[in-house]
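Number 88 in the UniProt record's numbering belongs to position 88 of the sequence shown; there are no gaps in the numbering. C-beta atoms are modelled at their ideal positions from N, C-alpha and C, and glycine is treated no differently.
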Amino acid sequence: MITVADLIKDERLPGNYFAFDAYIQGDFESGLLENRHGDRLIAIPDTLIQSIYAALNQETGQASGVVLANCGRWWGKNFYARFVEQVSKYYSKPINEMEMVEFTQCLRQCWKAHGWGTFELDLSYYQQGFLVVKTQNSPYAKQAPQSKRPVCHFEAGILRAFFSQLTGRELHCLQTTCESLGAEYNHFVLGLAQRIKPAEAWLEEQQEHEIIMHRLCNSSNQ
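And the structure:
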């Protein structure tokens, strides 16, 4: 709780660190973009995302998903480090001392500020050992080539690396729904690899997300 003494002592009340008009800075005429911490930002047009998909598919074929997931994991590790450093400094406390609502709000705002769409963290299955992330308006799903399975491998890699470092456990990430397949949201399930592995077969059977989660939770209780 904020006291009157806090208001007098502090020079400012920390607001939304990722507020777009404050977070995105730079010289737009020269094309230089930075965040408020001074780190360089890259604007990625849709045509570049399309070209990456096409080039990887041509060069690596079915392995393109693995390549994208590994790139996402590398990016996710660096993303986590920057997020922790900047948020902890701005709010004057480490993220492990933040309230869960405060942490998830920061992550939601960060995701949006970087142009990745909307982000929601679902903790409904936490007691069963799973985290669920729901995103919408993903630029990677929007530009993805046609496929029979979810294709946001890059985002899955980012989430896997981010939450593995956050929890201190090596997690696996499986996407169960995808906007590229007509779904309203992209769902990503995070958990220990051996516990999520059965869901890969259910995904091949085109089971719905809710059914997959129900079966995962039942199997974890046995």
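Query raised in the report: Straight-line CA distance for Pro45 to Asn137?
Result: 15 Å
Query raised in the report: What are the complete beta strand (DSSP E) segments, minimum 3 residues, inside the UniProt domain "4-vinyl reductase 4VR" (130-192)?
Result: 131-136, 171-177, 186-192
Query raised in the report: How long is the line joining the alpha carbons of Gly61 and Ser164, rounded to whole angstroms?
Result: 28 Å
Query raised in the report: How many angstroms separate the CA atom of Gln146 from the CA atom of Ser180?
Result: 7 Å
Query raised in the report: Taking C-beta to C-beta, are Tyr90 and Tyr17 nearer than 8 Å?
Result: yes
Requested in this report: Count the other CB atoms, across all protein chains shown, that sit within 10 Å of the CB of Ala193; report buried if there are 16 or more and exposed otherwise.
Outcome: exposed
Requested in this report: Measure the alpha-carbon distance for Cys152 versus Val84 and round it to whole angstroms.
Outcome: 24 Å
Query - Pro150 classed as buried or exposed, judged by whether at least 16 other C-beta atoms fall within 10 angstroms - result: buried
Query raised in the report: Taking Thr104 as the reference, which of Pro139, Glu34, Asn218, Leu166 has the closest Cα?
Result: Leu166
**Report entry** Proximity of Ala69 and Ala156 at Cβ, strictly below 8 Å
**Finding:** yes
Query - Continuous alpha helix (DSSP H) assignments of at least 4 residues falling wholly in the stretch 90-132 - result: 100-113
Requested in this report: Give every residue of the same chain whose Cβ lies closer than 8 Å to the Cβ of Pro198, excluding the five residues on either side of it in the sequence, and list them in chain order.
Outcome: Arg215, Leu216, Ser219
Query raised in the report: Buried or exposed: where does Trp111 fall if 16 or more other Cβ atoms within 10 Å of its Cβ makes it buried?
Result: buried
Report task. Could you pull out every unbroken alpha helix (DSSP H) segment of at least 4 residues lying fully inside the stretch 18-87, listed in chain order? Result -> 20-23, 46-60
Query raised in the report: DSSP three-state call for Glu204: helix, strand or coil?
Result: helix
**Report entry** Contact set for Tyr80: own chain, Cβ-Cβ below 6 Å, skip 5 residues either direction
**Finding:** Phe162, Gln165
Query - Three-state class that DSSP yields for Asn218 in the structure shown - result: helix
Query raised in the report: With a CB to CB cut of under 7 Å and the five nearest residues on each side skipped, what residues in its chain are close to Glu200?
Result: Leu174
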